[in-house]
Amino acid sequence: MRIKFLIAFLSVFMVCAVSAWPTMRAKIERDGSGYVLLSTNSGTSLLSDWFLEVGGGMSKTEPEAQTVITRAGTLKNLFTTLTAPPGDEATRTFTVRKNGANTPLVVTFSGTTAMKGCDTTDSVPVLPYDLISVQNTSTGSPASSVGVVSFELLY
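Here the sequence shown stands for residues 13 to 167, numbered as in the working numbering.
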């Protein structure tokens, strides 16, 4: 087994208990197949209906936040953290989008304690030139929070 590049983040894949890390991207290659970790950090308080840019930052419009896929594969293992829970009667939802449409990769936070979440069940097939983005939406009046989102492209 060949490992070309590794950042010490493997505990992320064992449980949903993820801490907020600086933005990072890593690639691990095994026997000709592997994955890329796509990650973003809002860098400032989340704004509802804005898009998080892979690599960091936010944009009001989706085209400015999209990342082009370079090889066929599968998106999966969406992990998210907040620096503060949404609060009573409020929610925050992170949705991975493909070509301007929602995918099943979604994590929703609600209540006064939820600050970590993951979707390790759903997956989304992708092809070269598909455009990927992450949208943050909310209901109610959620508390101010920074959001960190990571997911994998398996190929």
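C-beta atoms are modelled at their ideal positions from N, C-alpha and C, and glycine is treated no differently. Predicted, not measured: the structure shown is a model, and the values here were computed from it.
Exposure of residue i, with buried meaning 16 or more beta-carbon neighbours within 10 Å
i: D100; result: exposed
i: L64; result: buried
i: S122; result: buried
i: Y47; result: buried
i: T72; result: Sequence check: residue 72 is Lys here, not Thr. K72 should be labelled exposed.
i: G129; result: buried
i: L59; result: exposed
For residue i, three-class secondary structure by DSSP
i: P75; result: helix
i: S156; result: coil
i: V161; result: strand
i: A48; result: The identity of residue 48 in the sequence shown is Val, whereas the question assumes Ala. V48: strand per DSSP, three-state reduction.
i: T56; result: coil
Of the listed residues the options, nearest to residue i (C-alpha basis)
i: T124; options: P140, G46, P137, L94; result: L94
i: T103; options: G68, E76, D134, A126; result: A126
i: L165; options: V119, N53, S145; result: S145
i: Q147; options: G46, L49, E76, V48; result: E76
i: K110; options: G68, T79, V119, P97; result: T79
i: F163; options: V136, P140, G69; result: V136
i: G141; options: N53, G152, G112, D134; result: This sequence places Tyr at residue 141; Gly is not what is there. Of the candidates N53, G152, G112, D134, the one whose C-alpha sits nearest the C-alpha of Y141 is G112.
i: V160; options: G152, S54, L49; result: S54
Residue range of the unbroken beta strand (DSSP E) whose run includes residue i
i: S135; result: 128 to 138
i: R104; result: 99 to 110
i: A113; result: 113 to 123
i: G85; result: 85 to 94
i: I81; result: Per DSSP, I81 belongs to no beta strand (DSSP E) and is neither H nor E.
i: V146; result: 143 to 151
CB-CB length for residue i against residue j, believed under 8 Å
i: S157; j: A96; result: 4 Å
i: P116; j: D134; result: 4 Å
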